[in-house]
């Protein structure tokens, strides 16, 4: 095989999106990671078989730099995200190291209007998990955000939160091949 043919074959391989079966496998693993994180943190924080009630979810555990209250549900969410990200690293990135990014930060390209990688926080988008073409994080295939609902209402309907809907709308601007989704321990993969 001459150099040009090898280069073309290599370029084609690097631009490869995941097959539907691989996306389904990754979605299954993401749900398992969310369930594992929810279970581990609840067991560690509350004891065997226990979880926070609504009162505990809204317990103020501190204040942010602007003096706004930080609720226990936000603190638990951070703890659960850390456990889930470790699981995603171990279970998903091990299998698909060049097609999965954890918490990439995207801005908008001034020339194309499409996504671009950025370190700028203001106005950027930082989904939890992004599936993309092999080695090409700007060729977005699917966007996922992990959600760990705390209250009974949010566990029953995790998409009812206006903030979640607005977030999914913003992630749709990344122009992925599939609709953005949230992953919850209770419902698995949810898309609007």
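Numbering (UniProt numbering), first residue to last: 1 to 192. Just so you know, even glycine gets a beta-carbon here, dropped at the ideal spot from N, CA and C. For clarity, every value in this text was computed on a predicted model and none was experimentally measured.
Secondary structure of residue i, DSSP reduced to three states
{"i": "residue 160", "result": "helix"}
{"i": "residue 125", "result": "strand"}
{"i": "residue 152", "result": "helix"}
{"i": "residue 62", "result": "strand"}
{"i": "residue 112", "result": "coil"}
Terminal residues of the alpha helix (DSSP H) in which residue i lies
{"i": "residue 106", "result": "It is not in any alpha helix (DSSP H) - residue 106 instead sits in the beta strand (DSSP E) that spans 106-108."}
{"i": "residue 26", "result": "20-46"}
{"i": "residue 57", "result": "54-57"}
{"i": "residue 77", "result": "72-91"}
Own chain residues within Cβ distance below 8 Å of residue i, not counting five before or after
{"i": "residue 63", "result": "69 and 70"}
{"i": "residue 165", "result": "159 and 192"}
{"i": "residue 59", "result": "71 and 72"}
{"i": "residue 117", "result": "104, 105, 106, 107, 137 and 138"}
Cβ shell of residue i (< 6 Å), same chain only, five flanking positions each side left out
{"i": "residue 178", "result": "142"}
Range of the contiguous beta strand (DSSP E) that encloses residue i
{"i": "residue 142", "result": "136-146"}
{"i": "residue 184", "result": "181-184"}
{"i": "residue 188", "result": "188-190"}
{"i": "residue 261", "result": "An answer regarding residue 261 cannot be provided, because it is not within the stretch 1 to 192 covered by the chain."}
Buried versus exposed call for residue i [16 or more other C-beta atoms within 10 Å across all chains shown]
{"i": "residue 48", "result": "exposed"}
Nonlocal neighbours in the same chain, by C-beta distance under 7 Å from residue i, ignoring five residues either side
{"i": "residue 27", "result": "189"}
{"i": "residue 130", "result": "101, 104, 137, 140 and 143"}
Inter-stretch contact at 8 Å, needing at least 3 Cβ pairs: the segment 70-79 / the segment 97-108: no
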